[in-house]
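If you count by the working numbering, then the sequence shown holds residues 196 to 671, one letter each, in order.
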Amino acid sequence: MSFLSFEFALFVGLALLIFYLAPPRSRPCLLLVFSYVFYLSWSPVHALLLAAVSGGVYLAGLSIAKCGSEKGKFARMTLGVAMLLVLLFAFKSAVWFSRMFHADPAMSIIVPLGLSYYVFKMVGYLMDVYWETLPAQNNFVTLALYGAFFPQIVSGPVQRAGDFFGQIGKLQNPDPGEFAAGLRRILFGLFKKIVIADYLAAPVASVHADPSRFSSLELLFGAYCFAIELYADFSGITDIAIGIGQLFGIKGPENFDLPYYSPNIQMFWRRWHMSLTSWLTDYLFTPLRMSLRTLGSAGLYLAVVLNFIAIGLWHGLTWVFFFFGLLNGIYMVVSVMTLKQRNRFFQARPALAQIRAITGPLITFHLMVFAMIFFRSETLSSAFKYVGSMVPGWGNRSVTFGRFDQALLGVAFRPLMLCFIAFFASEAVTWAARRQICVDWFFTMPVFFRRALYCALAATVLLFFKDSLTFIYARF
């Protein structure tokens with residue numbers, strides 16, 4: 196049952212009706228039932244695996260909390276975390292071996308839906324219990340719901356256990372304004388996914404399928420298209436997940452904050468997939484940094500690179516994801532090493548400092564566009580082939596911009612430009628909403644105007660809607 200199906204819309208509607216009619220004390224149990232019904236629609240076998248993981252983590256958390264010795268607590272935490280990571284590694288490596296040695300798609304191994312997300316959530320929970328920043332959860336339903344909560348199981352965000360548990364304990368009917376905000380968030384996410392990301396998916400797939408068919412300019416434009424497609428796709432499903440959670444009175448963490456306008460690489464990774472990067476900072480980078488602190492700056496840089504390699508391999512055990520993580524680790528190390536010098540340079544030159552506000556985001560954006568070529572490619576060789584073909588003179592077909600209806604990447608130029616306009620408009624809305632600009636003005640406008648705008652957005656989504664749509668991050 197895909198997020199982008201009418202069956203899912205009916206499922207959510209029915210779940211909301213039952214949820215609001217039920218007494219508050221029974222609502223966590225109902226949410227757990229809804230979550231497993233949703234998961235069973237994908238795979239009954241993998242639902243059993245999720246239940247087994249939840250049961251094991253529940254017992255492990257209680258065991259860690261009850262243990263009297265520090266060594267015993269550490270051993271139990273290590274064992275629990277190791278088993279979770281082995282499970283994740285086993286499926287990821289099985290997929291890699293399956294693709295390497297089985298030509299028949301029927302023989303392919305399928306990673307359980309949301310495995311990477313619920314494993315990381317459970318790992319964080321066990322480490323929090325060990326560090327005594329969070330008490331062990333005595334209520335199995337609450338812990339099982341934390342791992343299985345259906346809006347977040349597909350593509351996150353990775354919500355912290357303490358934040359989630361605190362909200363589950365007081366599930367009431369959401370404020371009408373909060374409910375309306377959830378619906379708006381869902382509509383906005385659907386718009387970004389269906390109108391922007393899915394329209395760009397076809398030209399991106401065509402240029403990556405055979406880069407030699409396209410000119411250098413087209414390949415460059417295709418790289419821009421994928422950067423926008425990935426962002427619109429992933430932030431779109433995050434908006435949908437957060438919006439659905441709001442309908443049930445649960446607020447999820449934000450996952451994006453206009454990352455493509457970041458002044459440097461450090462800020463980019465604080466604004467992109469924020470729930471994962473902050474999780475890795477707390478549970479991987481900080482312990483690594485502490486263990487390598489005797490190495491000084493070299494230890495810091497090594498911890499940074501290892502952290503980003505982990506980010507890459509979290510997506511899949513392939514060389515392209517390894518290289519994607521390594522490349523971003525190098526970006527980060529160079530940025531950290533030169534940040535103080537760059538700051539001093541621009542402080543001594545106030546006129547250039549104003550230009551930096553423009554050049555910084557532009558440089559950061561193009562560095563990430565280049566890195567995402569590797570993220571999108573199937574193999575390292577195809578990625579380097581794509582990059583090589585971007586060099587002028589390698590392509591065998593040119594693009595003329597003299598006519599507005601000129602085809603670009605196999606897609607009519609005018610609709611492609613309208614897609615980019617829709618993207619920048621959605622970014623402007625996000626920027627204004629996050630900074631509370633024009634928000635009061637919007638809500639003081641006539642109700643008819645606002646409803647007409649919502650209807651127009653919904654009509655646009657339905658107009659562009661296609662069957663069998665999937666989210667890029669659902670496969671991770």
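All residues carry an ideal CB built from backbone N, CA and C; glycine is no exception.
- Using a Cβ distance threshold of 8 angstroms, Gly364 and Leu321 do not count as a contacting pair.
- By the Cβ test, the stretch 432-450 is not in contact with the stretch 489-509, since fewer than three Cβ pairs between them sit closer than 8 angstroms.
- DSSP places His561 in the uninterrupted alpha helix (DSSP H) bounded by 545-571.
- The stretch 331-338 makes contact with the stretch 239-253; the number of CB pairs closer than 8 angstroms reaches 3 or more.
- In the three-state reduction of the DSSP assignment, Val606 falls in the strand class, which pools E and B.
- Per DSSP, Ala392 is not a residue of any alpha helix (DSSP H), being assigned neither H nor E.
- Between the alpha carbons of Ser577 and Ser350 lies a gap of roughly 27 angstroms.
- Within the same chain, and ignoring the five residues on either side of Ile667 in sequence, the residues whose Cβ sits closer than 7 angstroms to its Cβ are Leu425, Asp428, Phe429.
- With fewer than 16 other Cβ atoms inside 10 Å of its own Cβ, Ser492 counts as exposed.
- If you draw a straight line from the Cα of Ile632 to the Cα of Ala620, it is about 15 angstroms long.
- For Glu373, the enclosing alpha helix (DSSP H) covers residues 371-385.
- With a 10 Å radius around the Cβ and a threshold of 16 neighbouring Cβ atoms, Ala343 comes out buried.
- Shortest Cα-Cα distance from Leu340 to any of Ile445, Arg537, Gln549 involves Ile445.
- Separation of the CB atoms of Ala331 and Ala260 is rounded to 4 angstroms, and the pair is thereby assigned contact status at 8 angstroms.
- His468 carries a coil assignment under DSSP once its states are collapsed to helix, strand and coil.
- Ala260: member of the alpha helix (DSSP H) spanning 239-261, first to last residue.
- The DSSP-derived three-state label of Cys420 is helix.
- The Cβ atoms of Pro369 and Gly447 lie no closer than 8 angstroms to each other.
- The alpha helix (DSSP H) runs of length 4 or more contained entirely in the stretch 431-476 are, from start to end of the chain, 460-466, 469-475.
- Scanning its chain for C-beta atoms nearer than 7 angstroms, with the 5 sequence neighbours on each side dropped, one finds around Ala617 the residues Val390, Ile391, in chain order.
- The C-beta distance from Val515 to Ser457 rounds to 23 angstroms, too long to fall under 8 angstroms, and the pair is not in contact.
- The closest CA to that of Trp467, considering only Pro223, Leu257, Ile423, is found on Ile423.
- Around the beta carbon of Arg539, fewer than 16 other beta carbons sit within 10 angstroms, so the residue counts as exposed.
- It is roughly 19 angstroms from the alpha-carbon of Val529 to the alpha-carbon of Leu483.
- The criterion of a C-beta distance shorter than 8 angstroms is satisfied by Leu211 and Leu442.
- Pro218 sits in coil when the DSSP states are folded into three classes, being neither helix nor strand.
- Contact annotation: the stretch 556-567 touches the stretch 519-526, with at least three C-beta pairs closer than 8 angstroms.
- One thing to note: Leu279 has its Cβ within 8 angstroms of the Cβ of Val314.
- Scanning Met272, Gly361, Arg220, Gln367 for the CA closest to the CA of Trp326 turns up Met272.
- Only residues of its own chain outside the window of five on either side were considered, and among them Ala210, Phe345 have a CB closer than 7 angstroms to the CB of Phe229, listed in chain order.
- DSSP places Pro346 in the helix class (H, G or I) of the three-state scheme.
- By the beta-carbon neighbour count (other beta carbons within 10 angstroms, threshold 16), Asp358 is exposed.
- Cys420 sits buried, since 16 or more C-beta atoms from the chains shown fall within 10 Å of its C-beta.
- Pairing Leu534 with Thr476, the inter-Cα distance amounts to about 20 angstroms.
- Burial state of Lys661 is exposed, judged by a 10 Å Cβ sphere holding fewer than 16 other Cβ atoms.
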